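In this text, residue positions in the sequence shown follow our numbering: the first is 3, and each later residue adds one. Just so it is clear, CB atoms sit at the ideal spot from N, CA and C, and this is done for glycine as well. Because the structure is a prediction, the values reported are computed rather than measured.
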Amino acid sequence: MKRALFFTLFLLSTLFAKTDFSEMSTEELIALIGYVEEVKMERFLKELTQRFEQMNDEQKALYEAEKQRREQREN
């Protein structure tokens, strides 16, 4: 429950502030997959792609799962 509340508050805060993806943790970026506005998508994907090589196995698995979930929603 706390995690859902934190995530909701986090998403709302990004709506009202200019998003600086470089300030976010890798887990936060992964959680935002599928929720980023089109105008911010290029910066978001650039930051996420730059971090991919430094991700540990757990983060890479999370990234791939979120990426697949997003692709399924789009199709």
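CB-CB length for residue i against residue j, believed under 8 Å
{"i": "K42", "j": "T21", "result": "6 Å"}
{"i": "R45", "j": "F23", "result": "6 Å"}
Proximity below 8 Å, CB of residue i to CB of residue j
{"i": "L31", "j": "L50", "result": "yes"}
Cβ neighbour criterion (16 or more within 10 Å) applied to residue i
{"i": "L7", "result": "exposed"}
{"i": "F54", "result": "exposed"}
{"i": "M3", "result": "exposed"}
{"i": "Y65", "result": "buried"}
Nearest residue (CA-CA) to residue i, options the options
{"i": "R5", "options": "N58, E44, A33 and Q74", "result": "A33"}
{"i": "Q74", "options": "E25, M26 and I35", "result": "I35"}
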